[in-house]
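Protein chains in written order, with the working numbering: chain U, 4 to 529; chain V, 4 to 529.
The beta-carbon is built from N, C-alpha and C at its ideal position, and this holds for glycine as well.
Number of protein chains: 2
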Amino acid sequence: MHGNNRIGFELSDKGTATLQSFNPAKAETRAGKFKGATSEDIEAAMTKAKIAFDSYSQTSPEKRAQFLEAIADEILNLGDELVHAAMEESALPEGRIVGERGRTMGQLKLFASLLRDGVWVEATIDTAQPSREPLPKPDIRKMLRPIGPVVVFTASNFPLAFSTAGGDTASALASGCPVVVKAHNSHLQTNELVSDAIARAAEKTGMPDGVYSSLAGEGFELGTTLVKHPNTKAVAFTGSLDGGMALYKMAIERDEPIPVFAEMGSINPVIFLPEKLKAETNDLAKTYAGSITLGVGQFCTNPGLLIGLESRELDQFCETLAHEITTSAAATMLNEGIANSFSKNKETSLTQNGVKLISSNNVETPRNGANAAVARVSATDFLSNPNLQHEVFGPYSLIVTCRDQSQLDEVITQLSGQLTITFMGNENDLKTFEKQIHSAEKKTGRLIYNGVPTGVEVCSSMQHGGPFPAATDSRFTSVGSDAIKRFARPVSYQNAPQFLLPDELKNENPNGIWRSVDGIWTNNGV
Amino acid sequence: MHGNNRIGFELSDKGTATLQSFNPAKAETRAGKFKGATSEDIEAAMTKAKIAFDSYSQTSPEKRAQFLEAIADEILNLGDELVHAAMEESALPEGRIVGERGRTMGQLKLFASLLRDGVWVEATIDTAQPSREPLPKPDIRKMLRPIGPVVVFTASNFPLAFSTAGGDTASALASGCPVVVKAHNSHLQTNELVSDAIARAAEKTGMPDGVYSSLAGEGFELGTTLVKHPNTKAVAFTGSLDGGMALYKMAIERDEPIPVFAEMGSINPVIFLPEKLKAETNDLAKTYAGSITLGVGQFCTNPGLLIGLESRELDQFCETLAHEITTSAAATMLNEGIANSFSKNKETSLTQNGVKLISSNNVETPRNGANAAVARVSATDFLSNPNLQHEVFGPYSLIVTCRDQSQLDEVITQLSGQLTITFMGNENDLKTFEKQIHSAEKKTGRLIYNGVPTGVEVCSSMQHGGPFPAATDSRFTSVGSDAIKRFARPVSYQNAPQFLLPDELKNENPNGIWRSVDGIWTNNGV
């Protein structure tokens with residue numbers, strides 16, 4: 004452990020060593036001090052990023068793919084040291100961390116394969132028509148090109164997969180953008196290990212100095228400086244609504260506004276339709292007790308709102324769910340701040356008008372731990388109180404009882420933007436409630452049928468994002484291969500000579516990628 | 004002429020008739036009064052738009068294609084009445100208006116064909132793998148879905164092609180979004196004729212009431228109310244930096260921030276490289292005199308900045324250009340405000356340190372007309388004065404003389420975001436200046452070789468937009484078929500039954516569109 008900030012291939016020991024990470028399970032500060040980045044460190048990292056962009060943006064997709072694969076290899080090479088650091092700093096169990104490491108490597112390899120496939124650049128060629136009347140048509144070719152240096156804010160709840168070399172970093176590097184990571188203060192050692200791995204991979208694969216930097220520091224001040232820096236061209240963030248909105252507003256107020264892709268969580272409503280609920284009352288309750296408490300409820304897609312129609316089955320569902328929650332294990336949360344917020348936000352929700360606690364697990368709470376709970380409220384009370392749509396990050400869920408289908412309609416219409424909305428229903432149910440399903444589609448990035456929202460598949464069809472306030476920009480995803488599109492913009496080349504065109508747009512199509520040529524999809528040359 | 008506001012299929016005569024358009028060529032107010040929309044009119048239009056979205060977002064691509072084609076037919080049916088109204092209200096000549104009508108109809112038909120082609124929705128299917136270890140993989144399918152009601156601010160400089168039924172309206176309607184147009188006060192009669200045509204087309208093709216509305220009023224107040232209305236989900240605008248930024252900031256400050264796609268113009272730098280300039284000195288000067296004065300310089304892509312290296316050829320180029328400008332025809336501008344701004348902004352530019360007027364056409368200026376002018380400044384003075392990067396909308400261009408290649412490098416590095424940057428050079432030139440070309444690419448949406456920036460081809464490879472301040476969002480275009488992507492967002496469907504999927508994602512692929520299925524591009528079924 005060196006405790007220094009990483010400025011490209013160099014380490015800076017300029018800062019004062021004041022930062023330490025915390026072991027939430029033991030409730031104690033960990034050994035090892037990390038230096039907070041100085042103004043010169045920040046300036047040096049951003050200057051290197053800008054210079055690196057000149058050459059990095061011109062690297063071939065194959066070269067960038069090799070870089071990403073090398074990062075995955077170097078992460079695996081860190082072996083148990085990484086696994087133990089991440090476990091200590093997050094209180095997550097070994098199986099989860101090993102799984103998350105696999106996901107992190109999988110994401111890097113997914114983007115490598117996306118680069119080789121090449122279709123993501125949306126190469127579009129309209130060839131010249133010199134004899135067109137009244138005016139000749141020029142040759143115009145368009146593709147996505149990288150946007151510039153990206154600042155990545157790492158997330159607390161995925162110390163690997165949404166952190167230093169997580170989805171944001173992987174997709175930004177894939178697109179051709181240098182990355183400057185703001186290390187999460189909860190995972191300083193994990194960050195150092197992974198940052199060093201990225202730097203080794205960059206050197207081994209011949210990437211420019213400055214393609215990757217990592218800075219630590221007091222969150223708000225460091226974050227503000229990075230977002231406001233003129234060399235920064237985009238920001239990625241996963242975390243709270245308050246945190247995301249603070250960055251978003253800062254970025255908009257710059258002389259040159261820049262995009263902030265903030266995924267700010269949601270309450271992920273689940274609608275239990277009557278026939279399905281009747282047929283599988285207890286099974287549904289057990290399945291959802293598992294989803295609510297999975298990973299101590301610390302997922303962006305945790306089901307925080309369960310909605311059903313007034314009925315004997317719903318009462319029975321609540322009873323079984325209450326029982327399951329009461330007997331669920333208590334566990335340590337990611338850090339002290341999150342544990343305290345969970346207690347506070349749960350209490351706030353429970354004291355709202357009409358909200359009744361129906362179950363809380365009664366095991367002894369570990370230090371920095373969470374007691375899972377579920378509560379119930381009438382749709383009438385829910386509809387009159389926007390506070391009940393605030394996310395309670397952790398194992399807590401509110402059950403909303405609707406009088407009838409038309410009140411369910413009202414509840415859906417009044418929902419704010421969500422990452423996911425789920426319908427549990429058999430075919431008959433889904434036909435009866437088709438109007439409500441279409442209405443729900445307008446509020447969400449992902450519409451799930453007969454599953455749980457926890458579990459976000461990393462693939463090309465995944466949309467992890469949604470209408471505000473789930474995310475700042477519903478047109479992009481932070482999970483899956485399309486995450487790369489956040490960091491690219493279309494550039495048209497008019498009458499360009501072949502040697503000045505990127506390979507993706509050359510006549511001979513050297514990479515054999517799929518392109519639109521004069522309106523026809525083809526992987527042939529022109 | 005009825006002078007009423009259009010609320011879907013109904014006309015409202017609630018407002019007070021206080022608005023009149025102007026004939027800039029005759030410098031007189033035109034006959035005919037138009038009513039300013041009342042608060043109730045605005046509320047009625049926005050409510051209808053929200054309700055219409057429910058059904059309009061579920062229409063088939065074929066139905067929407069028929070609607071767009073019907074709009075084109077109805078516009079043509081307006082015949083000479085439309086052509087004369089647009090000519091009187093804009094001072095543009097008949098040939099231009101007839102051409103622009105053709106372009107407007109062409110755009111509508113382009114989007115109709117895009118809808119039938121279907122690839123624009125980016126349909127992506129990952130089929131289930133129930134036996135995957137450690138966890139089964141669900142079926143996930145994703146496509147672009149419409150974002151909701153769009154408010155369109157019409158542009159002054161294209162009374163048809165960027166106005167009531169222009170590119171913004173056509174692309175928003177194509178995506179499945181209802182449109183509410185804020186009529187341009189310069190083109191109130193043109194707007195009424197076209198709005199009535201759109202409504203007729205909507206009724207004939209069975210579209211819902213509220214799919215289209217048009218409101219007139221004092222610009223700022225009406226615009227503010229529309230942008231802040233909770234039913235508005237996106238805004239499109241073409242015009243000045245000040246106007247665009249005002250809307251952008253308003254939209255960001257809403258409880259639910261929404262995207263504003265503002266194309267705010269640019270100075271479209273043109274770099275004349277030495278060998279080409281030497282070989283074609285006078286021809287280049289003549290070509291560019293034509294581009295600077297085309298349409299009285301009233302194009303977003305007007306070349307406002309010409310850059311060359313200190314040389315005898317550059318002096319000769321300036322001399323010929325000066326001669327051409329001096330003898331160019333003076334002409335009426337689009338409206339009084341634009342004519343006054345042109346005079347003022349030109350004077351401001353001419354009084355900056357080191358700027359020397361080298362030519363101004365000396366014919367008598369018509370009322371509301373423009374005298375074309377070109378001026379010259381050293382790169383040293385240019386680099387020290389950011390004011391010289393402000394757009395002067397109209398026939399004015401500033402020639403920047405660089406000492407050498409490295410100063411040219413500095414000038415390019417210091418450019419703000421542009422719609423276009425053009426290089427005029429032979430093969431040798433382009434090889435010598437390759438670094439500067441790559442540097443320029445970072446500053447622009449479109450990179451042009453050996454052509455003029457005026458003339459924006461409407462096609463799938465066009466990027467009309469660029470880094471800020473050319474546009475508020477460099478990742479989207481306002482011209483060409485990709486303009487539709489501004490008004491759509493990805494939605495994932497997980498484990499959805501076939502009957503609840505949009506046709507684009509159904510197994511049998513009823514429309515035969517190209518899709519990604521398990522990573523393979525195909526137009527077959529699953």
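Residue i and residue j closer than 9 Å at C-beta
i, j, result
"L71(V)", "A219(V)", "no"
"M336(U)", "N364(U)", "no"
"L309(V)", "V273(V)", "yes"
"N271(V)", "Q439(V)", "no"
"L147(V)", "S174(V)", "no"
"E65(U)", "N514(U)", "yes"
"P27(U)", "A342(U)", "yes"
"G102(U)", "P137(V)", "yes"
"A265(U)", "F240(U)", "yes"
"S464(U)", "K145(V)", "yes"
"F156(V)", "G226(V)", "yes"
Short CB-CB distance (under 9 Å) between residue i and chain U
i, result
"H187(V)", "no"
"K289(V)", "no"
"P262(V)", "yes"
"Q61(V)", "yes"
"L317(V)", "no"
"P470(V)", "yes"
"G300(V)", "no"
"T457(V)", "no"
"V230(V)", "no"
Within-9 Å CB hit, residue i to chain V
i, result
"H441(U)", "yes"
"M465(U)", "yes"
"K488(U)", "yes"
"V498(U)", "The amino acid at residue 498(U) is misidentified as Val; the sequence shows Asn. Output row for N498(U): interface = yes."
"G170(U)", "no"
"N160(U)", "no"
"G307(U)", "no"
"P137(U)", "yes"
"D286(U)", "no"
Own chain residues within Cβ distance below 7 Å of residue i, not counting five before or after
i, result
"M4(V)", "G35, Q192, E195"
"I150(V)", "C180, K236, A237, F490, A491, R492"
"P472(V)", "L244, M267, S419, G420"
"N510(U)", "Q501, G528, V529"
"R478(V)", "none"
"N356(V)", "D384, N388"
Closest by C-alpha distance to residue i, when choosing among the options
i, options, result
"I78(V)", "N285(V), A202(V), S442(V)", "A202(V)"
"I424(U)", "T447(U), E437(U), T404(U)", "T447(U)"
"L418(U)", "E259(V), L386(V), L317(V)", "E259(V)"
"T290(V)", "L118(V), L324(V), E266(V)", "L324(V)"
"A186(V)", "A204(V), V154(V), T208(V)", "V154(V)"
"D44(V)", "V183(V), T208(V), A126(V)", "V183(V)"
"A161(V)", "D129(V), I54(V), C303(V)", "Going by the sequence as given, residue 161(V) is Phe instead of Ala. Residue C303(V) is the option with its Cα nearest to F161(V)."
"A115(U)", "G483(U), G307(U), D57(U), D129(U)", "G483(U)"
Close Cβ partners of residue i (< 8 Å) along its chain, the five nearest in sequence each way excluded
i, result
"S63(V)", "D506"
"T329(U)", "S362, S363, N364, N365"
"A30(V)", "E339, R370, N371"
Sequence-distant residues of the same chain with beta carbon closer than 6 Å to residue i, five excluded per side
i, result
"L317(U)", "G311"
"R415(V)", "According to the sequence displayed, residue 415(V) carries Ile and not Arg. Closer than 6 Å at Cβ, skipping near neighbours: Q439, S442, A443."
"T480(V)", "Q466, H467, G468, A486"
beta-carbon residue i near the ligand PLP non-hydrogen atom, thresh 8 Å
i, result
"A292(V)", "With respect to small molecules bound, the structure shown includes none, and the ligand PLP cannot be examined in it."
The stretch 492-502 of chain V / the stretch 7-19 of chain V touching (three or more Cβ pairs under 8 Å)
Short answer: they don't touch.
Contact between the stretch 430-437 of chain V and the stretch 75-95 of chain V is defined here as three or more beta-carbon pairs at a separation below 8 Å; is this criterion met?
Remark: fewer than three beta-carbon pairs, one from each stretch, lie closer than 8 Å, so the stretch 430-437 of chain V and the stretch 75-95 of chain V are not flagged as touching.
Given 8 Å, three or more beta-carbon pairs between the stretch 368-388 of chain U and the stretch 404-418 of chain U:
These segments touch.
Specify whether the stretch 353-361 of chain V and the stretch 373-383 of chain V touch according to this definition: at least 3 beta carbon pairs, one from each stretch, less than 8 Å apart.
Yes, the stretch 353-361 of chain V is in contact with the stretch 373-383 of chain V.
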